Amino acid sequence: MNQGRITGEVVRTDFNAPQAVLHYTRAAHFLGLWESERILMERFFPDRSLHLLEAGCGAGRATLGLWHLGFTRITAFDFAGELLEQARALARALGAGQIEFVEADACDLSRSLALAGGNFDGVVFTFNGLMQIPGRSNRERALRGLRSACRPGATILFTTHDREATGPEEHQAWAAEAVRWSRGEQDRRLAEFGDRYFSDPSGSTFMHLPDRAEVLGSLAAAGWEHAFDALRREVAAESQAVRDFSDECRFWAAVNPGTCQSAPDA
Ligand SMILES: C[S@@+](CC[C@H](N)C(=O)[O-])C[C@H]1O[C@@H](n2cnc3c(N)ncnc32)[C@H](O)[C@@H]1O
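The letter at position 161 of the sequence shown is residue 172 when you use the working numbering, and the numbering goes up by one with no holes.
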C-alpha cells in the first residue's frame, strides 16, 4: 500500500485500476442518472440547447444521462484515460458520438485548449468528484478553472458529502478523528482533516468530506455565487440500486457572476 501523501497522481492511478473501471463502467451501462440528478439538471439547465461541460465524467454515467435527457452539446473530461475509453465506447454504441471527450486534469484546465477560456453555459461535476481532489487549494483551483471555462451567468451543479449531516455513529467517528488530528496521530497519508483513503469493492478511494461552511468558503474563494444546496434525500427518494452505489450527499448549485476573464490562482 502507498504510504506517502495522497496526491492527484495516486487518485488518477486508483481510477485507472481495473476494479474501478469495471465499477464505473457498470454504473454507466446499468444505473444511469440518479432521480435527484435528473430533477436538478432539469431545474438548473432547463434549455436543452445549452453547451454543458462535465468534469470528472468517468465512464460516462451522467454524460449519457444528460444525452438521454436531450442535451446534445456536451463536452466531458476526466483525467483517467481508462475510464474515458469506456465513456467513448458507450457513447458510440448509443449513437452519441458527437459528445466530445477530453483527457484533462480539473486542476490544470488551462493546459487544455478544448476547455480553457471556453464559453460553456453550465458545468456538472457529479458524484463527489470535486472532493476526490486532494488539498483544498487544489479544489479551489479546479473551481476557478471551471468558472473561467464558463460564460457569465453559467451554473455549476455538483455534490459533496456533508460531514455534519450524518448519524450519531459517524459523528462519534469524526470526533475520534478530531482527537487523532489534535495529537498528530492521524493517517500520515492524509493532508487535511476530513480526508479519507479507504478500500472497497470499487478499489482504493480518496475522498475529502467537507462541512457546509468549507464548501461555501471554497465557492466564494473561487468566485462562484452560491445559489442552492440540499441533501439528496430532500430532493428525491432514490432507488435501492442508487443507494447501494452511493452514500447520502449534498447537492450544490452556484452561478458565475463575473466576466470570462481567467481568475488568478490563489
Ligand atoms: C466518483 S467518480 C464519478 C464518475 C462519474 N462522474 C459518475 O458519476 O459515475 C469521480 C471521477 O472524477 C475524476 N476525477 C477526480 N479528480 C479529477 C481531476 N483532478 N481531474 C479530472 N477528473 C478527475 C475521476 O477520475 C473519476 O472518474
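The beta carbon of each residue, even a glycine, is placed where N, CA and C say it ideally should be.
Remember, it's a predicted structure, so these values are computed and weren't measured experimentally.
task: Keeping to the same chain, check which residues put their C-beta closer than 7 Å to that of F209; ignore five residues upstream and five downstream.
output: T216
Alpha-carbon spacing of W78 relative to E196, whole angstroms:
47 Å
Just the residues with CB closer than 7 Å to a heavy atom of ligand 1, in chain order, which are they? G19, V22, R23, F26, Y35, A38, A39, A66, G67, C68, G69, A70, R72, A73, F88, D89, F90, A91, L94, A115, D116, A117, C118, T137, F138, N139, G140, Q143, I144, A153
Could you check whether L126 and V32 sit closer than 9 Å to each other, using their CB atoms as the reference points? no
May I ask you to list the residues that DSSP assigns as paired with A265? I167, H237
ask   = Where L105 and G76 are concerned, what is the direct C-alpha to C-alpha distance, given to the nearest angstrom?
value = 11 Å
Taking just the CA atoms, how far does Q251 sit from R243? 14 Å
Below 8 Å, how does it come out for the segment 262-270 and the segment 155-165: are there three or more Cβ pairs, yes or no? yes
Practice task
May I have a chain-ordered list of the alpha helix (DSSP H) segments no shorter than 4 residues that lie completely inside the segment 58-117?
Solution key: 72-80, 92-104
- Query: If you count every other CB in all the chains shown that lies within 10 Å of the CB of N13, and 16 or more means buried, which is it?
  - Reply: Residue placement at N13 cannot be trusted, given a pLDDT of 46 that sits under 50; what the coordinates show is reported in the next sentence. So N13 ends up on the exposed side.
Apart from the five residues just before and just after I110, which ones in its own chain have a Cβ nearer than 7 Å to its Cβ?
T74, W78, I85, A87, A102
Environment of N139 [buried if 16+ CB atoms lie within 10 Å]: buried
**OP:** Report the three-state DSSP secondary structure of H40 (helix, strand or coil).
**Re:** helix
Just to check my reading of the structure: L141 and T177 have Cβ atoms closer than 8 Å, yes? What is that Cβ distance to the nearest angstrom? With 8 Å as the limit, L141 and T177 do not qualify as a contact, their Cβ atoms being about 19 Å apart.
| Between A115 and R72, is the Cβ-Cβ spacing less than 9 Å? | no
Ranges of the beta strand (DSSP E) found wholly within the segment 188-212, counting only runs of at least 3:
206-211
Under a three-way DSSP split, which group does D222 fall into? coil
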